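A short worksheet on the structure shown next.
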Ligand code: XMP
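In UniProt numbering, the protein residues as written are 200 to 526.
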């Protein structure tokens, strides 16, 4: 029967057999799946693995530190962080349409990862190391079922502005989580000694805070939302509700302002929306009935501590008809 120690031993042997002395690359997102996949591969082949983390500036507070410090400390993984915050802000300037935002973020993300990859490949060639031939993916069993089950190679297209890459670079995929469900992945992550903040992390969308700003994305708006989001997460954790709620998007209505009063003065600030949801699989969801005193504490803290926000509102829509995210 199922036992995380056995699964780890099995996967380590498989990865070693698959990779031999080859070099492997893995993109870390800060999420559970890529972190556990990377930790497993590292356990199997050590420094033949290099991980790439893209800081696109749409991350939550502490997320980069958790990967760069906590994850690296727990695993000893070799990590390259690519800081492309400016590049993303420029690419997203003036864009408020949700689908356009998603497309730009996806496109810039892939370009950034490919460029980092190309750099590493050039470095390896310069030092006569084996080329990077393998790519780790944190694919889970439900993803396999959903996409019809095919496996094989990923064809990462090189970019004409990258330089030095073969036209059709073929990577062989390593997918050590392909037979596993989410709770099993968490169990393996815990067994491998990964930090609880990573192993128990709630779902967070790839496009990050970029799709939680209704309106265009600016540095100031991101900083404001990051601050409000950190307060909400801290209060939900302190109330012991992390496990009970599926996730709680915090949304900045950057294109909306309302009148308020603070001290002797009138304010004209932005609302923050709380979207706590309960769900089994994110396909359907209900809004979570959070305790009123917790909501009051969150509201007081956000309006007092976050400059530019003078109102906190609660989203009481189930999915359907609402989606979990606002964009
Ligand atoms: P919706 O808003 O469609 O979200 O009800 C369902 C779940 O998916 C997450 N989500 C994403 N996850 N990349 C991701 O990795 C994305 O682009 C993305 N968009 C939404 C969302 O947080 C929720 O858990």
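Note that the Cβ used here is the ideal one computed from N, Cα and C, for glycine as well. In this text, all values refer to a predicted model and were calculated from it rather than measured experimentally.
Distance, residue j Cα to residue i Cα
{"i": "residue 239", "j": "residue 283", "result": "27 Å"}
{"i": "residue 229", "j": "residue 446", "result": "16 Å"}
{"i": "residue 271", "j": "residue 466", "result": "44 Å"}
{"i": "residue 289", "j": "residue 314", "result": "18 Å"}
{"i": "residue 527", "j": "residue 328", "result": "Residue 527 lies beyond the stretch modelled for the chain, which goes from 200 to 526, so this question has no answer here."}
{"i": "residue 452", "j": "residue 291", "result": "17 Å"}
{"i": "residue 413", "j": "residue 488", "result": "24 Å"}
{"i": "residue 516", "j": "residue 236", "result": "35 Å"}
{"i": "residue 523", "j": "residue 243", "result": "37 Å"}
{"i": "residue 500", "j": "residue 507", "result": "13 Å"}
{"i": "residue 266", "j": "residue 214", "result": "23 Å"}
{"i": "residue 383", "j": "residue 377", "result": "11 Å"}
{"i": "residue 322", "j": "residue 245", "result": "18 Å"}
{"i": "residue 492", "j": "residue 498", "result": "10 Å"}
{"i": "residue 427", "j": "residue 300", "result": "21 Å"}
{"i": "residue 373", "j": "residue 209", "result": "14 Å"}
{"i": "residue 416", "j": "residue 304", "result": "12 Å"}
{"i": "residue 478", "j": "residue 436", "result": "18 Å"}
{"i": "residue 278", "j": "residue 342", "result": "26 Å"}
{"i": "residue 252", "j": "residue 381", "result": "22 Å"}
Start-to-end residues for the beta strand (DSSP E) that takes in residue i
{"i": "residue 327", "result": "Looking at the DSSP string, residue 327 is not in any beta strand (DSSP E), and its letter there is neither H nor E."}
{"i": "residue 487", "result": "From DSSP, residue 487 is part of no beta strand (DSSP E); its letter is neither H nor E."}
{"i": "residue 450", "result": "449-452"}
{"i": "residue 472", "result": "464-473"}
{"i": "residue 508", "result": "508-513"}
{"i": "residue 457", "result": "457-461"}
Residue range of the unbroken alpha helix (DSSP H) whose run includes residue i
{"i": "residue 420", "result": "418-437"}
{"i": "residue 207", "result": "203-218"}
{"i": "residue 224", "result": "Careful: residue 224 lies outside any alpha helix (DSSP H), inside the beta strand (DSSP E) at 222-227."}
{"i": "residue 410", "result": "That residue, residue 410, is in no alpha helix (DSSP H); it is neither H nor E in DSSP."}
{"i": "residue 344", "result": "340-345"}
{"i": "residue 397", "result": "395-398"}
{"i": "residue 378", "result": "Note, residue 378: premise wrong, no alpha helix (DSSP H); not H, not E."}
{"i": "residue 286", "result": "284-291"}
{"i": "residue 233", "result": "231-244"}
Assumed close pair residue i, residue j - CB separation to whole angstroms, cut-off 8 Å
{"i": "residue 455", "j": "residue 470", "result": "6 Å"}
{"i": "residue 257", "j": "residue 391", "result": "Contact doesn't hold; Cβ gap of about 27 Å is too wide."}
{"i": "residue 468", "j": "residue 509", "result": "3 Å"}
{"i": "residue 218", "j": "residue 333", "result": "6 Å"}
{"i": "residue 331", "j": "residue 319", "result": "6 Å"}
{"i": "residue 410", "j": "residue 519", "result": "At roughly 18 Å, the Cβ-Cβ gap does not stay under 8 Å, so residue 410 and residue 519 are not in contact."}
{"i": "residue 434", "j": "residue 496", "result": "6 Å"}
Beta-bridge pairing of residue i - partner residues as DSSP gives them
{"i": "residue 373", "result": "335"}
{"i": "residue 477", "result": "485"}
{"i": "residue 280", "result": "252"}
{"i": "residue 446", "result": "476"}
{"i": "residue 321", "result": "Note: residue 321 sits in no beta bridge, so no partner."}
{"i": "residue 518", "result": "484"}
Which parts of the stretch 249-278 are runs of the beta strand (DSSP E), unbroken and 3 residues or longer, counting only runs that do not cross its ends? none
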